[in-house]
Structure formats: structure tokens, C-alpha cells
Amino acid sequence: MTIRKEHGFALIDLLFVCGIMGILCSIALPHLFLARQSAGAASAIGSMRAINSAELTFALTCGAGFYAPNLTTLGTPPPGSVEPFIAGGLGGANTVVKSGYQIQVFATPFAGAPTACNGLAAGEAGQGFKAAADPTDPENHRHFGTNANNTIFEDLASLWAVIPEAGDPASGHILH
18 MTIRKEHGFA LIDLLFVCGI MGILCSIALP HLFLARQSAG AASAIGSMRA
68 INSAELTFAL TCGAGFYAPN LTTLGTPPPG SVEPFIAGGL GGANTVVKSG
118 YQIQVFATPF AGAPTACNGL AAGEAGQGFK AAADPTDPEN HRHFGTNANN
168 TIFEDLASLW AVIPEAGDPA SGHILH
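Residue numbers (this note's numbering): 18 to 193.
(1) If we count Cβ pairs, one from each stretch, closer than 8 Å, do we get three or more for the region 97-107 versus the region 25-41?
(2) Between L46 and T153, what straight-line distance do the alpha-carbon atoms span, to the nearest angstrom?
(3) Suppose you measure from the CA of F50 to the CA of Y118; what does that come to, to the nearest Å?
(4) Buried or exposed: I29, going by 16 or more other Cβ atoms within 10 Å of its Cβ?
(5) What are the boundary residues of the beta strand (DSSP E) that D172 is part of?
(6) Looking only at its own chain, which residues have a Cβ that is under 6 Å from the Cβ of N135, when we skip the five neighbours before and after it?
(7) Which residues bound the beta strand (DSSP E) around D151?
(8) Residues in the same chain with beta-carbon distance under 8 Å from A138, minus the five sequence neighbours each way, listed in chain order, please.
(9) With a CB to CB cut of under 6 Å and the five nearest residues on each side skipped, what residues in its chain are close to G162?
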């Protein structure tokens, strides 16, 4: 009588390993989505800070104290420079989608605003500005906004319609 040695795994072993992996994945996936939302929110906050800095630089150096009305104006470098006021892909269009957030800037044109050094026509710059970052994922409820006060606000709903160009919005809280 010959005794045969078994090598390899039995089907039950393979099913057991697959079951364990399935349980681990079901535990890990929700945390992965939360981590992705947190990373997107951190990027949106960074974009709001970059917009604040770019708007202030534009107002002090190019806009004679007036703010840029949109992202493309901030993305246009002044004469003699190749560096725009804002980088990181934010100055490529007036509405930018970055890291799961739609980012936009607006300033009400002020008739007394002079021509800016980067080609913005007279009367197009604003006395203040507002910017907002709204998530593109409906499951994400972190909305951000900022304005000429250089303060970043957060709310559970979009701040785009309620944030003034200067001062505190009707809803939301200051992000510390």
C-alpha cells in the first residue's frame, strides 16, 4: 500500500482566505472613502488660501487696490514676469475642478477701477471678492468659502450664494 502526500491547498482553505479578505475589505473601504474626502477638503482649503494670497498680491501690485474678478485674471502674469498670481492649475479657467471640488472666484466690477497691469480693462476689477469650493461628490458635505477679509469659512451647504465679497456670510463658521 502506498501513501500519497497531499500538496497545495484544499478548496475549503481557499474559501476561508477569500472570506477573511472580503471581511477586511468591507471594513477598510468606508475608511478609504473618508480619507479621500479629507484629502480633497485639505486641498480645497489650500486652494482658498492660495486664492486669498493671489488676490492680495494682485490688489497690491497690479490692481491699484482692487481685486481680480476671476481665476483667469489671477492666472495672467504681469508684464515682465512669467509667473502668474496663482498657480497649481487654478488660473486655467474661471471654474476649476480640483481634488473633487469645484472652485470659483467672483468680484463685482467697480466702474472706478483702473486698468490692471496684466491687461484687465478699466472698470472690471472689484472692491472685494468672494471665492468658494463646493464638492462635486453629493456625499461630501464640506463646503468652503473665502472673501476679501482673508478668512476661510466652512458650511454644510454651498457658500457661493451667501458669502459676501467682504464680511461674514449669513451661514457657516470660521475655519481655524
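All C-beta atoms, glycine included, are put in the ideal place defined by N, C-alpha and C.
In short:
(1) Here the region 97-107 makes no contact with the region 25-41; the two share fewer than three CB pairs at distances below 8 Å.
(2) Inter-residue distance for L46 and T153 is about 20 Å (C-alpha atoms, whole angstroms).
(3) Looking at the two C-alpha atoms, the distance is approximately 15 Å.
(4) The residue in question, I29, is exposed, as its Cβ has fewer than 16 Cβ neighbours within 10 Å.
(5) Looking at the DSSP string, the run of the beta strand (DSSP E) that includes D172 is 169-172.
(6) Only C79, T93, P95 meet the Cβ criterion.
(7) Note, D151: beta strand (DSSP E), 147-152.
(8) When the five nearest sequence neighbours on each side are left out, the beta carbons in the same chain lying within less than 8 Å of the beta carbon of A138 are those of T132, in order along the chain.
(9) These residues qualify, in order along the chain: A149, F170, L176, I180.
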